[in-house]
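Asks: The structure follows.
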Amino acid sequence: MWFFILRRILYAVPVLLGVSIIVFTLVQLSPGDVVDILIPPEAPEEVADALRKQYGLNEPVYIQYFIWLGHLLQGDLGTSIFSGQPVGGELASALLNTLKLAVPAAILGMTSGIILGSLAAFHNGTWLDRLFSAAAITGVSLPHYWVGIVLVVAFAVIWNVLPGQGMGPDGFPATWEQIRHLILPVFTMSLIPMGVVSRLVRATVLEVIGRDFVTTLHAKGLLNRRVLMHVSKNAAPAVLALMGLQFGYLLGGSVLVETVFNWPGSGNLMVLAVFRRDVPVLSATIVVLAAIFVVINIVVDILQALIDPRLRR
Amino acid sequence: MNREKILSVEDLSVRFKSDEGIVNAVSDVSFELAHGEALGILGESGSGKSVTLRTIIGLLPRNRTDIRGRVRFDGREIQDLSNDEMNAIRGARIAMVFQEPMVAFDPVFTVGEQIAETIVRHDGSSWADANRRALDLLELVQIPSAKRRLASYPHEMSGGMLQRSMIALALSCGPQLLLADEPTTALDVSVQIQIILLLRELQRELGMSVILVTHDVGVAAEISDRLAVMYAGRIVETGTAAEMIEAPCHPYTDGLLSSTVLNATKGKKLNAIPGAPPDLIALPRECSFAPRCRHVQQQCLSGIPRLEPFGKGRATRCLRVSEGQLELQSANPAL
Ligand SMILES: Nc1ncnc2c1ncn2[C@@H]1O[C@H](COP(=O)(O)OP(=O)(O)OP(=O)(O)O)[C@@H](O)[C@H]1O
Ligand SMILES: [Mg+2]
């Protein structure tokens, strides 16, 4: 098992290197550079050249990549061209803000998804199944920024019972005022994980309870809760994989939801960086999010292997 | 055997509602099983053998299934039992061994856990005691290095070893009735023999009643005291194993026996029965074997033959017995 974990972590290295190359290349491919944005077009060429030199932009591209990578490896994510502040700090606070939405949204969406999906599977073909499946499909197919707007209009504008904009007072959401700000965006963001998780849980549970070993469990006279335990453990790996993926998406910050609720999270940060051609912020954000994705994947792989011995190879 | 029978099945019919129509999987099946007796059920694929076993242990899906007739186990009608009562009997007093050991175990639990959980469920013992008993059971079914195997997962074991474990699992609560549904079909030939010998030995040692379902006449003959041959959901012949193999009287039994390797090795000709079994959705109102029968007569098409008793505890659904034509036949059984 330890060997499996170690190998799994080592596999992540080439993946991350690949990600860094892709991110760097894509950013290079975009037309224009920061210098065009920083100085007016009529500025003398020497000023532009000096700036390019300062940012290392006149080096050959691969040298630029290695310099950037070297800094990344030392934990230096660069300096924002727009604000002049280190990217690390900005990114950390944006990610933290996103976490405040993503964690409760994941817990809410995935728990309800698992409950709805299993209930639908165990009542396969009944009106309950149809109702829950319809709810799940609606959750997946409604554009969630639209749901967000409707909720803001209803709860913040018409009834004025919940705030629809911003985070409220800073800090860990503990006070009622801070929690009130979470309700609408968290609900909105939980819809997609709820929908996809419940659909996968339903399909997986149905597949598992159709397998031969479940007949053996019944032939042993096991109580329903023990049978449920067997079924859950068998369904878990597939569901975990999807939940990891969904949590990654939530962390990437739902750009649209963050925009609707004016939430200063990682999605928002990326959008701003694009508009400002703030290359250091943009590339650092993408690389860090990709790294988080990879870590989540490793965690999911390890959990899967802990559950299913056949995966410990 | 003058005590009450452990199992009696009376006029059992099982029908499934499917999209194509009603499937008559089992029709008018009756038989009895004494304490310690071994019954072999023979028949082609689709003849209703598994459905019969699953009815006895209460494993058929509830919806779209219509079960008629009575099954008495140890003096109680199982159809009168509540779900909970039936669940308490399953695994404890009636146990089942399945055809494919590779898929009959849960892949993400160890074999030991899967045996022990049954013991904990029915005997209410502690997990420690249950694990100790599981080890004894694995030794009973002669699994090498049983202690290590307790902690093995199903995918780490061979088919033969898994089937031994399945038998250990079935025996874990000391059942009075063991149902074995083609326990050797999925195994290598050499392993098949070992499993059959093991089953026979355990059955004699523990005094269990056994119903063994199989395609294989040789396997059935090895274990069974009595045989029942099923065709298209009906028992077409039953009797003691020795007599039936010596002198089969239903033409289907005859065909089944002469189509086995068992007979071929005795120098007899290997024959397959021509034709195919009838569609269970549209069963004919006549002898369902008639279209394939060498001895078919006009009367065979006028109704379903009754299961007619004859000789010592034998019975068959063939007009030739009721009409007394069979004496000629039994003198020359392999014809
Ligand atoms: N749940 C079900 N719904 C509909 N039809 C079924 C169901 N279970 C079994 N059948 C049908 O009942 C018939 C008898 O099946 P059964 O499994 O008892 O045959 P069998 O004698 O055990 O054959 P085999 O040797 O292939 O195992 C088959 O035609 C099968 O398709
Ligand atoms: Mg079968």
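These protein sequence lines map, in sequence, to chains S and Y.
Just so you know, the first sequence maps onto residues 1 to 313 in our numbering.
Just so you know, the second sequence maps onto residues 1001 to 1335 in our numbering.
Beta carbons are placed, not taken as given, at the ideal position from N, Cα and C, and that holds for glycine.
Model, not experiment: these values are computed from the prediction.
(1) Note down the Cα distance separating residue 327(S) from residue 183(S), rounded to an integer number of angstroms.
(2) So is residue 28(S) buried or exposed if we call it buried at 16+ other beta carbons inside 10 Å?
(3) Report all residues from its chain with a CB closer than 7 Å to the CB of residue 1330(Y); omit the five preceding and five following residues, and keep chain order.
(4) Leaving out five residues on either side along the sequence, give the residues of the same chain with a beta carbon under 6 Å from the beta carbon of residue 1254(Y).
(5) With residue 1017(Y) as the anchor, note down where its beta strand (DSSP E) starts and where it stops.
(6) Flag residue 1107(Y) as yes if its beta-carbon sits less than 9 Å from any beta-carbon of chain S, otherwise no.
(7) Who are the Cβ neighbours of residue 1012(Y) in its own chain at under 8 Å, not counting the five residues just before and after it?
(8) Report whether the distance from the Cβ of residue 1280(Y) to the nearest heavy atom of ligand 1 is below 8 Å.
(9) Is the beta carbon of residue 1115(Y) sitting closer than 9 Å to the one on residue 1202(Y)?
(10) Apply the 10 Å Cβ neighbour rule to residue 199(S) and answer buried if 16 or more other Cβ atoms are within range, or exposed otherwise.
(11) For a test of the three-state rule: what should DSSP assign to residue 1054(Y), helix, strand or coil?
(12) For residue 1020(Y), name the three-state secondary structure that DSSP assigns.
(13) Would residue 235(S) pass as a contact of residue 197(S) if the rule is Cβ separation under 9 Å?
(14) Taking only beta-carbon atoms, is residue 66(S) less than 9 Å away from chain Y?
(15) List the endpoints of the continuous beta strand (DSSP E) containing residue 1201(Y).
(16) Taking contact to mean at least 3 C-beta pairs separated by less than 8 Å, is the stretch 1037–1046 of chain Y in contact with the stretch 1218–1238 of chain Y?
(17) Exposed or buried, residue 1(S), counting other C-beta atoms within 10 Å across all chains shown (16 or more means buried)?
(18) Below 8 Å, can you find three or more Cβ-Cβ pairs linking the stretch 1101–1108 of chain Y to the stretch 1162–1177 of chain Y?
(19) Any residues whose CB sits closer than 7 Å to a heavy atom of ligand 2? List them in chain order?
(20) So what does DSSP say about residue 1046(Y), is it helix, strand or coil?
(21) Identify the contact partners of residue 1117(Y) in chain S, using a Cβ-Cβ distance below 8 Å as the criterion.
(22) Let's see if you can read the secondary structure: which residues bound the alpha helix (DSSP H) around residue 1084(Y)?
(23) Would you kindly check if the distance between the Cβ of residue 1211(Y) and the Cβ of residue 1040(Y) is under 9 Å?
(24) Threshold first: 4 residues or longer. Then list the alpha helix (DSSP H) segments lying entirely within the stretch 1064–1139 of chain Y, N to C.
(25) Using a Cβ-Cβ cutoff of less than 6 Å, which residues in the same chain neighbour residue 1001(Y) once the five nearest sequence positions on both sides are dropped?
(26) Name the two residues that bound the continuous beta strand (DSSP E) containing residue 1309(Y).
(27) Is residue 1025(Y) near ligand 3 - that is, is its Cβ less than 8 Å away from at least one heavy atom of it?
(28) Helix or strand or just coil, what does DSSP make of residue 157(S)?
(29) Heavy atom of ligand 1 less than 8 Å from the Cβ of residue 248(S), yes or no?
(30) Hey, could you find the ends of the beta strand (DSSP E) residue 1235(Y) is sitting in?
(31) Is the Cβ-Cβ distance between residue 83(S) and residue 190(S) less than 9 Å?
(32) With a threshold of 8 Å, establish whether the CB of residue 946(Y) neighbours any heavy atom of ligand 1.
(33) Can you list, in chain order, the residues of the stretch 1117–1142 of chain Y whose Cβ is nearer than 8 Å to any Cβ on chain S?
(34) Are any of the Cβ atoms in chain Y nearer than 9 Å to that of residue 302(S)?
(35) Whose C-alpha, out of 1079(Y), 1082(Y), 1092(Y), 1024(Y), is nearest the C-alpha of residue 221(S)?
(36) Measuring only between beta-carbons, confirm whether residue 1157(Y) sits less than 9 Å from chain S.
Replies: Looking at the coordinates:
(1) Given a span of 1 to 313 for chain S in the structure shown, any question on residue 327(S) remains unanswerable.
(2) Working through the first sequence from its first residue, we reach residue 28(S) at position 28. Residue 28(S) is exposed by the Cβ-count criterion.
(3) Here residue 1330(Y) refers to the residue found at position 330 when the second sequence is read from its first residue. Since pLDDT at residue 1330(Y) reaches only 47, below the 50 mark, its modelled position is unreliable, and no value is offered.
(4) Against the second sequence, residue 1254(Y) aligns to sequence position 254. Closer than 6 Å at the Cβ level, and outside the excluded window around residue 1254(Y), lie 1248.
(5) On the second sequence, residue 1017(Y) is found 17 positions in, with the first residue counted as 1. From DSSP, the beta strand (DSSP E) with residue 1017(Y) extends over 1007–1017.
(6) By one-based count along the second sequence, residue 1107(Y) stands at place 107. Judged by the 9 Å Cβ criterion, residue 1107(Y) is in contact with chain S.
(7) As a working mapping, residue 1012(Y) is identified with position 12 in the second sequence. If we look at residue 1012(Y) and ignore the five residues flanking it on each side, its Cβ neighbours are 1026, 1028, 1029, 1030, 1052, 1055, 1067, 1068, 1069, 1070, 1071.
(8) Numbered from 1 along the second sequence, position 280 holds the residue referred to as residue 1280(Y). Yes.
(9) Within the second sequence, residue 1115(Y) is the residue found at index 115, counting from 1. Within the second sequence, residue 1202(Y) is the residue found at index 202, counting from 1. It is not a contact, given that the beta carbons lie outside the stated cut-off.
(10) As a position in the first sequence, residue 199(S) is number 199, starting the count at 1. Buried, because 16 or more other Cβ atoms sit within 10 Å of the Cβ of residue 199(S).
(11) Walking along the second sequence from the start, residue 1054(Y) turns up at place 54. Helix at residue 1054(Y).
(12) Here residue 1020(Y) corresponds to residue number 20 of the second sequence, with the count starting at 1. Three-state DSSP puts residue 1020(Y) in coil, outside helix and strand.
(13) To locate residue 235(S), count along the first sequence from 1; it is residue 235. To locate residue 197(S), count along the first sequence from 1; it is residue 197. Against a cut-off of 9 Å, the Cβ pair of residue 197(S) and residue 235(S) comes out as no contact.
(14) Mapped onto the first sequence, residue 66(S) falls at position 66. By this cut-off, residue 66(S) is not an interface position.
(15) Translated into the one-based positions of the second sequence, residue 1201(Y) becomes position 201. No beta strand (DSSP E) contains residue 1201(Y), which is instead part of the alpha helix (DSSP H) from 1189–1206.
(16) yes
(17) Walking along the first sequence from the start, residue 1(S) turns up at place 1. Result: exposed.
(18) yes
(19) 1049(Y), 1050(Y), 1099(Y), 1181(Y), 1182(Y), 1213(Y)
(20) Numbered from its first residue, the second sequence carries residue 1046(Y) at position 46. Coil, per DSSP.
(21) Residue mapping note: residue 1117(Y) aligns to position 117 of the second sequence, counting from 1. Correct list: 220, 222, 226.
(22) One-based indexing of the second sequence puts residue 1084(Y) at position 84. Residues 1083–1089.
(23) If you number the second sequence from 1, residue 1040(Y) lands on position 40. If you number the second sequence from 1, residue 1211(Y) lands on position 211. Yes; because the gap between Cβ atoms is below 9 Å, this pair is in contact.
(24) 1083–1089, 1101–1104, 1111–1123
(25) Looking up residue 1001(Y) in the second sequence gives position 1. Confidence at residue 1001(Y) is low in this model, with a pLDDT of 44, below 50, so its placement is unreliable and the value that follows should be read with caution. 1034, listed in sequence order.
(26) Counted from its first residue, the second sequence places residue 1309(Y) at position 309. Taken as a continuous stretch (DSSP letters only), the beta strand (DSSP E) holding residue 1309(Y) covers 1308–1310.
(27) Annotation note on ligand 3: not contained in the displayed structure, which lists ligand 1 and ligand 2 as its ligands.
(28) The residue labelled residue 157(S) in the question sits at position 157 within the first sequence. Residue 157(S): helix per DSSP, three-state reduction.
(29) If you number the first sequence from 1, residue 248(S) lands on position 248. No, Cβ of residue 248(S) sits at least 8 Å from all heavy atoms of ligand 1.
(30) On the second sequence, residue 1235(Y) is found 235 positions in, with the first residue counted as 1. From DSSP, the beta strand (DSSP E) with residue 1235(Y) extends over 1234–1240.
(31) The residue labelled residue 83(S) in the question sits at position 83 within the first sequence. The residue labelled residue 190(S) in the question sits at position 190 within the first sequence. Going by C-beta atoms, residue 83(S) is not nearer than 9 Å to residue 190(S).
(32) Outside the shown range of chain Y (1001 to 1335) lies residue 946(Y), about which nothing can therefore be said.
(33) 1117, 1118, 1121, 1122
(34) On the first sequence, residue 302(S) is found 302 positions in, with the first residue counted as 1. No, residue 302(S) does not count as interfacial toward chain Y.
(35) The residue labelled residue 221(S) in the question sits at position 221 within the first sequence. Looking at the Cα atoms, 1092(Y) is the closest of the given residues.
(36) In the second sequence, residue 1157(Y) corresponds to position 157, counting from 1. False, the Cβ-Cβ gap to chain S never drops below 9 Å.
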